[in-house]
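Scroll down for the structure; my scribbles are underneath it.
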Amino acid sequence: MADYGFKTKVTVKEINGDCEIHKVGDEIVCDGLAFEGKICSVALASMFPHIYALAWGAEFPWDKDKDITTWACPDRGKVIFELRRDRSNPWRQKER
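Once you know that position 41 of the sequence shown is 494 in the working numbering, the rest is easy, because the numbers rise by one and skip nothing.
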């Protein structure tokens, strides 16, 4: 049985134009439902289903690396985020 419940790190990779909240290189970490770091509420609302899916083991068929995906801010795609799953320390472990 597999472990599950992984941290997900969100990194700002690119900004096309102006963003009053983020700058390139900003990092936000989600460990369960708690977040470390500042994140725009609109961007978070749009990407949260993907963060949650990565945390629980989902893989997106369009991504070459199954632990990394990208997300564009819905505000005209100004900010491009990388979502990266960290499998090293799951907060839940299924009994084997």
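Even for Gly, the Cβ is constructed at its ideal location relative to N, Cα and C.
Residue nearest to Asp471 within the set Lys531, Pro514, Met500 is Lys531 (criterion: CA-CA distance). Scanning its chain for C-beta atoms nearer than 8 Å, with the 5 sequence neighbours on each side dropped, one finds around Thr461 the residues Val482, Cys483, Ile504, Leu507, Ala508, Leu536, Arg537, Arg538, Asp539, in chain order. DSSP places Phe534 within a strand segment (E or B) once states are collapsed to three.
Thr523 has its alpha-carbon roughly 18 Å from the corresponding atom of Phe488.
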